[in-house]
Every structure is written in structure tokens, then in C-alpha cells.
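Trainee: First to last, the protein sequences are chains H and W.
Position 157 of the first sequence, counted from 1, bears residue number 464 in my numbering, the numbering being contiguous throughout.
Position 19 of the second sequence, counted from 1, bears residue number 1465 in my numbering, the numbering being contiguous throughout.
Every residue, glycine too, gets a C-beta built ideally from N, C-alpha and C.
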Amino acid sequence: MIDDLNTLPLPHEEEEVFEASLVADVRDETETGESTRVLAGDGTDAPAGETRAEQPPWVGRVLGHFKLLRLIGHGMMGFVVQAIDVDLERVVALKILRKRIEGVDETKRVEQFFREARGAAQIEHPNVVRIYEISQHKGWWYIAMEMLEGEDLKKIVKAAGPLPPSRACPILADAATALTVAHESGIIHRDVKPSNLMVTRAGRCKLTDFGFVRRNDPSDPFDFTDKSVGTPQYMAPEVIRNERQTSAVDVYSLGATLYYALTGRAPFLGRSVIDICRKHLDEPVPDVRDLSPSCPESLSALVRRAMGKSASARPTAAAFAAILRAEAIAHRDDDSSVLASHGSSVLAQPIGEMSPRATPESSVVTTRGRLEARPSRFSRLIRSVSTWLLVGTAALGFVGGLTWHSFTGSGGGTKGPNGPPSSLAERFADAPATYGVLPPGAVPEAVGAGGEPPAFSWIGRTDVTGLKYVAGKRGRHYYRVDAPEAALIRLEDLVGYRTADEARADGRTPAP
Amino acid sequence: MKEIRFGLIDPPVIAQRDITVRAATSNQNPEPKPLECSGLAWVDGYLIVSSDRHQHLLFTCAVDLARMTIAEPRPHVIISNEQNLLDDAESVTVRRRPDGSWLVYVMCSLSNDNRQLPLPMRRHMLRLALRPGEPFSFQGVTVLGAGKIRQRVDREFKAVGVQPYRTYYGEHPGADKNTYRWGNVEGIAFTPDASRMLCGMRNPLFGGAALMLAVRGADDALTAADAGRFEVTDVFPLDLDRRGVSDLCWDPVTKGYLIAAAKSNGPKLDDDQPFPPNTLDSALFWWSGHKTDKPVLFATAPDMKVEAVCRLGTSRFIAVGSDEGDVSEGREQRQSVLTIMDFTGVAR
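Have a look at this one:
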């Protein structure tokens, strides 16, 4: 979440502006030391030997109600800071949005930031990073989120090599579970990849970075109609072609991520992003066992199925999770050195030492226009390098669009009072006057016959002689037998009482 | 003897049966859940029954019109791809092709769920080819997102000021427990010339009237798997005495539409009331199809929750499906009651 960042430092003048907006911690004299001690004791990866001089000058100052403790990384769109909520004394990761981003509209910059926060906040699940708040301080927008202790899957694999199925399966099953919940909520993540799967020190996986989230709905205004969004190594064919995207794009990426976890490399590599995209479109999915011969066939088949070229051929995230849970049990072992119950050697890499280079794997690609499989047009797009925008730092990714708020409508977006129904007719002036075959006003004789229309219901009657009150078995209230509500109680649920005292003794209260 | 009369089966009701059966709601959810009838259509001696709870199947229910016996419904798995599941499938209709086979259409409600979430599955539309018999043959299953219809209608709602549908959800955080559902389509029927599909909405009402949609290009869209071919050509109100549409069908006998209507379900502010609430007020209407004609009330079912209606072929009988239980409220019995009524629509 917070380490797959480019090192695009804050421009000097921006850093000055940022620093000027902060306030000193009035409790500095008495509490700074304690805060520092709490952090160290909490094991939040403070690099050994890191001195304050290596950190920006604004470290130690206060943004809103967060004391800034340590710069974790920069991105094109902003920067991530470890901070402590001075009110709750809770360590958080603050994702702070830059004030100006070249080429990005001001309104969309903030709207997208909101979208990311809302996308993650909508999904309350142990396998999804928690969002605490989104707010701004003197024009600096920030998201306060759960500070995760651990490493992302990409770094784990880089450090430890391909994972055995017994380790890979639970991690990917957690991720698939998170996606299941997201998909059930109509949310597509669209940037599932190893660096967005955070493995905590307890060995659980959390899905992070909802910067490119989209509603699985054609009426979502944030629909990237002219862009492909994702990370090339894990991008589904329909995304590359800029076709309709469903939750299946996440399953494809999940399959590619499983391949990465089991083999230590992405399924398709290439000299350029275009090469990689072409392979996603045209080449069969490589067999996991070519690189990891001991991998069971079932997992290899699952990868192939999840990475099917056709979205409809892929399993759902729920099915993917269920299969992986079963596989995890089947391949469980107890001698792994990759992840111990309370930490792992691969987690020891200090954040300060992380590689800053931006690889294609950690990039997000957007394209303008539709990417077709046809080579000629595809080639033209390849040459049109200017139409590609490589945006580093998925954690702070931003492409632009409208906000979640505008979609849910907050009341449906209706304005003004109800107008007369006839106003609809004005909007469909060309619509036919009838959808039937009879002339206007025609009514079949018996239909229009006078008198009260017949009523019908289901069969049932019961003798209530001697009873004065009745109640439903599950009901709180009791009613007089001649009350209209009494006839609405199911016959099989009916309980009768001769007196109100009997009913009260049975725990009932009078009907309101 | 003093009696509580749980409603009367007066003429014209001639048969009734609780047809509640249980089946898995999807491949991933094998726990059997009771059929919750949401739509009915008639194909050569069988009722095709949709259930708003079951996401991957349809039910068929044989009815012997001569003996007026009603068989137990049988589930048929239609959707094997979990990404094409239906959620809140509220309506079903059929159309006969020249070769004698039938096309079955199922429409989801287009609504948001109780947590206000606009689930894609709630916007699916399904079409399949059916050959009745033993066993039933289902072919050419196509599922397409019909969100375009909602998009267009939503623009119209906003333009003329139709208030969205909100209803009670007790677990919703905050003081206001009535969550945003947008609206819901509960009945579909093709016009006699099959040029348009009419969709009846249960909610919201507009000026007390139910809202109807006319959609062109449904078959084109489904054949081409291109939701862009759905074209909303009309949105108009229908006066059902402050009720919404809970189902709708074309009636070849009376050459009009049969409409099952009921009050809006929400907002419901108190769970501790007998069921059904006495505001359900279900009723059956006949409508000529002319937009200026007021539908004619021909039967009431004040204490039933009528969800479906259809003509049984060209017979004198119509079927009414009602849902008299609610699992979420602890009532699992009588999820589906089938009532067959005599309704000729002409002088007897």
C-alpha cells in the first residue's frame, strides 16, 4: 500500500507551502518522546539508525489532528506519511494529496481522491484495508487509513522466491474473499496485483489501493470510456481492448497474481508494455508447472481458468476463494520459513531501503482510445507513445472522473416537487397513444360490470369461541378477536387468550 | 360458533395451492430456500415461475386445466456462469416463435438493494429458448445488463421530478432507516405486435400513479449482447388507485393487459405488526393498453401479497401468484400461493 511508490520528491516550493500549513505540536515537549516510544514498541518499521535529519523538516508537526511521524514515500499524486492520531493515539498511514498536479483538473483531483476513500470505506471486511477518515487541512486533502505492518506480496516473493502452495493459497484466498465482498457491493477494484496485496505479520492478506475502483455498472459516471486502466502484467484482455469491464477483470488479475506467487514472475513478460499487452490478448496462459514443477495441477488449472481470455469463462472471486481455501488445506505444511506466526525474515526489510525504481509492474497505464486486437491499429497505438500515460504509484493513483457521491445520488438526485404526470408525455411526444389493440375506452363487458369487485384470499377459518384476545406466536402484541388485525394473523401462528391478564402473563402487550 | 375467517374463497376463485418448494439459490449457495414467486408465464400446460430469491434457476409448474389440479413446481438450473446470476428477478414473460418454440424473458428489478447498493445482478435481463415437455429443454441462454434502461429512465425521473423510492431497512446505520432503492420493475409484457416491451414499476409512484416504461430493441440487444440497443421510447403514468405494478401480462382472451397491483412496501417503520400489513391492498386490474384509459379494477385481495398474474393460455382462467411469507421476518410458510381464478372478461 505505502511502499510501492516512486520517489518523486515534493518540489521545494510545495514542501515549503506544506510545511507552512502545519502547526507545531504543542505537546512536543512532553509527549513527543512518548509517541516515539509507542511507535518503536509497536514495531512500525522505523528504519534502524534513521535520523530525523534524513526526514523532511515538517516531520513532528501537526496536520489536522495527526502528528506527522515519518515520510514513507512519494508518488505523482501525493505522499504517504506515518502519523499518529493525537486524539485517539492511533498510528495511521496518511495519504496526502498534492495541491497541484500538472495536467489534472483540480476538481477531478479531489473527486477521485474521495472516490478512492469511499471505495475502500464501503467495504468493511478484515481483508480490506480500513479507512478511518478523509478530510483536509488548509487545502491539503488526506486519507487516514489503517497502518499495516507487513509487506506486500511482491516484496515477499522477491525476498523469498516463489511461494509453496501452502503459503500462496491462503494469501490469495484472502484477496479473493476481499474481492468477493467488493463485487457483491458492485465494486470492481481494477488494479489487483502483488504489490496491492498486503500480507500482515499475522499472515493475513489485505487488499489495498482502491485508486481505480469502479462501480460494476454502466451508469457509473466514472467509467473510463476512453481509457484502459490497470497494471500491464495483470491486465485482463477486455481491459486492454477497452471493452466492457466486469468483476471478471479482477479475477483475471487475481489469476495472474497467483501465477506470480507460485512462480516468482508475472505470466507475461515483454520488452515493453505493448509486448506484454499483446501477450495477454493472444498468447495462451503459461503453465505454472513450467517454472514450478512441484505445483499441483489443480492450481495450474485454476490459474488458466482465472486467466481465460473470455470473461465469462472465468470463475467468480467467490469460487476462486473457495478453491484456494480447499487447496490451502490440501497442501498445508508446518515447516515453512516464509511466514512465521509472528513475523518473518522477509518482513524485516526497512521501508527506507525499498527500491525506488518504477517498474512496469508497479505502473498504471491509461490509454486514450480503444485498443483493438487488430495488429494494424494496435501498432498505430504502439507508436502513439504520447497517448500513453505511465502513472507510477498505484497507491496514489489518479486518473480523473466523477465521485461516488454523484452515483449513489444521496436521495436519487431528484430536484423540485413532483410535477403532474402529464409532463412525462411531453418528454415522449412521439410515443404511441396505445399499446393495445382495442379502441380507446373499450372495456370487455364483464370487466366493466358494476358492483363491488370480488375479493379473494386463502382458505382458513378457526373456531375462537370462548376466546377474547389473540396474538401471533412471534408477536409482541395481543388483539381483540374482532380487531381487523386478528384476521391477518396466520392460522398456524394463532395463540388465543380468554382474558387480557392471560395475554399479559404470556408476555404480550396490548396492541398500540 | 364464533369464527375468525381468514379470507374467503368466493367465486371466481376455483383452485388454490401452496406451491412452496425449496431449491438452492445458486451454485455457490446450495442451501435450499423456498420458492418466492415473483412472476408467472404460461407455456403449453406449464407455468413458468420466476423467484426473486433464486439466482440461477426457473421453476415450472404443471397445471391440469381439465381437472384443475396443480402439480408441485420443479426447479431448472438455467444459469451455470455465476457472473450471470439474477438478483431480485421480479418478472417473466414469454413469446411464441413461428417454429412453435418459446422465448422466455426474465427481468430483474433494476433496484438498489437494501443497503442502497446498485448491484449489477439486479439489472440483468435473461432470454432463453424453451421447448416444453419432459424434460424441459432450455437453450440459448443469454444474460445482459439492462442498466441502460435505468440510466435513461433515471434521466426522465430527474427531469420531471419523480421522487426516488426509499424504504425501511432496520440495519441501516443512522437515524433514517429508509434506504435509497431508486425504483423497481416488477412486471414485463410484450405488446401484441411484439414491437415493445412494457415494464411496470411498483415503485416509485408519480403523483400517485404507477409508472410504465416502453422499451424497444430488447431482442436486438439480447441477440447482439449489446445493451446499447435497449431504447426507452416511453415513460407514462397509469392510475391504479395509488398502487404500483406488481406484475403485468398481455391477455389474449380479453385483448388487454392484466395488471396485478399493490401498495408500495415502504417505508415500513415498525417490524412488530401482524403480517401482512393491512396496507397491502393488492388488486387486479384490466387495462386496454390505451394510455388515456383508466385501468378497470376487477378483483381485490386485501390481505394477500400478489406478485404475479398471467392468463392460462386462451382458457377462461388466470393464475395469480402471491407471497404470503417472508423468511427475513421469520415466516417461511406459504412463500408461494397459486390461486386460479375464472376470468373471462366477457358476459357469462
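Roughly how many angstroms lie between the CA atoms of H:A749 and H:K775, to the nearest whole one?
Mentor: Using only the alpha carbons, I get a separation of about 50 Å.
Trainee: Please report the Cβ distance between H:L609 and H:A483, rounded to the nearest whole angstrom; I am assuming they are in contact, meaning their Cβ atoms lie under 8 Å.
Mentor: Contact flag wrong, Cβ pair sits at about 10 Å.
Trainee: Interface residues of chain H around W:N1560 at Cβ under 8 Å?
Mentor: Those do not exist, as W:N1560 stays about 13 Å from chain H at its closest Cβ, beyond 8 Å.
Trainee: Which chain W residues sit within Cβ distance under 8 Å of H:L745?
Mentor: Near H:L745 (Cβ distances below 8 Å), the residues of chain W are K1701, G1702, S1734, G1735 and H1736.
Trainee: Using CA atoms only, rank isn't needed, just tell me which of W:P1544, W:R1577, W:R1520 and W:S1496 is closest to W:C1554.
Mentor: Nearest option by C-alpha distance: W:S1496.
Trainee: So W:G1767 and W:L1784 are in contact, right, with Cβ under 8 Å, and what is the actual spacing, rounded?
Mentor: The pair is a contact, with the Cβ atoms about 6 Å apart (cut-off 8 Å).
Trainee: Buried or exposed: H:V330, going by 16 or more other Cβ atoms within 10 Å of its Cβ?
Mentor: H:V330 should be labelled exposed.
Trainee: Against chain H, which members of the region 1650-1672 of chain W pass a CB distance test of less than 7 Å?
Mentor: Answer in chain order: F1652, G1653, A1655 and A1660.
Trainee: Using a beta-carbon distance below 8 Å, is H:F575 in contact with chain W?
Mentor: Taking Cβ atoms only, chain W never reaches closer than 8 Å to H:F575, which makes this a no.
Trainee: Rounded to whole angstroms, what is the Cα-Cα separation between W:G1735 and W:I1634?
Mentor: If I take the Cα positions, the gap works out to 13 Å.
Trainee: Taking W:V1677 as the query, report the chain H residues whose CB atoms sit under 8 Å from its CB, ordered along the chain.
Mentor: Reading off the sequence shown, one finds Glu at residue 1677 of chain W, where the question assumed Val. In chain order: nothing, as chain H lies at least about 11 Å away.
Trainee: Which residues, in order along the region 486-507 of chain H, keep a beta-carbon less than 8 Å from a beta-carbon of chain W?
Mentor: Listed by position, the residues of the region 486-507 of chain H near chain W (Cβ gap below 8 Å) are E491, S492 and G493.
Trainee: So which residues on chain W does H:R548 lean against when the C-beta distance must stay under 9 Å?
Mentor: The contacting residues do not exist; H:R548 stays about 15 Å from chain W at best.
Trainee: Please classify W:T1738: is it buried, with 16 or more other beta-carbons within 10 angstroms of its beta-carbon, or exposed?
Mentor: Exposed, since its Cβ has fewer than 16 Cβ neighbours within 10 Å.
Trainee: For the region 1513-1534 of chain W, list every residue whose C-beta sits within 8 Å of some C-beta in chain H, in sequence order.
Mentor: Going along the region 1513-1534 of chain W in chain order, one finds N1527, E1528, Q1529 and N1530 with a Cβ nearer than 8 Å to chain H.
Trainee: With C-beta atoms as the reference, is H:V366 less than 8 Å away from H:L376?
Mentor: Cβ distance < 8 Å, so H:V366 and H:L376 count as in contact.
Trainee: By Cβ distance, which residues of its chain are closer than 7 Å to H:M452, with the 5 residues on each side in sequence left out?
Mentor: Excluding residues within five positions, the ones whose Cβ falls inside 7 Å are V399, A400, K402, V436, R437, I438 and Y439.
Trainee: Select from the region 1462-1485 of chain W all residues with a C-beta closer than 9 Å to any C-beta belonging to chain H, and list them in chain order.
Mentor: Going along the region 1462-1485 of chain W in chain order, one finds Q1462, D1464, N1473 and Q1474 with a Cβ nearer than 9 Å to chain H.
Trainee: Per DSSP, which residues does H:G380 bridge with? Please list them.
Mentor: Its beta-bridge partners are H:V387.
Trainee: At the 8 Å Cβ level, is W:V1742 part of the contact set with chain H, yes or no?
Mentor: For W:V1742, the answer is yes, since a Cβ of chain H falls inside 8 Å of its Cβ.
Trainee: Helix, strand or coil: how does DSSP classify W:D1464 here?
Mentor: Reduced to three states, the DSSP call for W:D1464 is strand.
Trainee: Residues of chain W with a CB under 9 Å from the CB of H:T553: which are they?
Mentor: By Cβ distance, chain W contributes Q1529, P1566 and G1591.
Trainee: Taking the DSSP output, what are the residues bridged to H:I438?
Mentor: Its beta-bridge partners are H:M452.
Trainee: Using beta carbons (cut-off 8 Å, strictly below), is W:F1682 in contact with chain H?
Mentor: At least one chain H Cβ lies under 8 Å of W:F1682.
Trainee: To the nearest angstrom, how far is it from the Cα of W:R1675 to the Cα of H:R407?
Mentor: Answer to the nearest angstrom: the Cα atoms are 41 Å apart.
Trainee: Here's the rule: buried if 16 or more other CB atoms are within 10 angstroms of the residue's CB, otherwise exposed. What is H:M614?
Mentor: Classification of H:M614: buried, given that the 10 Å Cβ count is 16 or more.
Trainee: State the beta-bridge partners of H:P817 as determined by DSSP.
Mentor: H:P817 pairs with H:Y785.
Trainee: Quick check on the DSSP output: the beta strand (DSSP E) that includes W:P1767 runs from which residue to which?
Mentor: According to the sequence provided, residue 1767 of chain W is Gly. The question's Pro does not apply to it. That run of the beta strand (DSSP E) goes F1763 to S1768.
Trainee: With a threshold of 16 other CB atoms inside 10 Å of the CB of H:P600, please say whether the residue is buried or exposed.
Mentor: Flag for H:P600 reads exposed.
Trainee: Using a 10 Å radius around the Cβ and a threshold of 16 neighbouring Cβ atoms, would you call W:D1490 buried or exposed?
Mentor: Label assigned to W:D1490: exposed.
Trainee: Leaving out the 5 sequence neighbours to the left and right, which residues in its chain are closer than 7 Å to H:A489 when beta-carbon positions are compared?
Mentor: If we look at H:A489 and ignore the five residues flanking it on each side, its Cβ neighbours are I430 and H496.
Trainee: With a threshold of 8 Å, are at least 3 pairs of Cβ atoms found where one atom belongs to the region 1595-1613 of chain W and the other to the region 1500-1516 of chain W?
Mentor: The region 1595-1613 of chain W is not in contact with the region 1500-1516 of chain W.
Trainee: Is there at least one Cβ from chain H nearer than 8 Å to W:V1606's Cβ?
Mentor: Yes, contact with chain H.
Trainee: Just how far apart, CA to CA, sit H:R783 and H:G814?
Mentor: Computed Cα separation, rounded: 7 Å.
Trainee: Quick one, which of H:G385, H:P544, H:V556 and H:Y567 has its alpha-carbon nearest H:P591's?
Mentor: Looking at the Cα atoms, H:P544 is the closest of the given residues.
Trainee: Any Cβ of chain H within less than 8 Å of the Cβ of W:E1602?
Mentor: Taking Cβ atoms only, chain H reaches closer than 8 Å to W:E1602, which makes this a yes.
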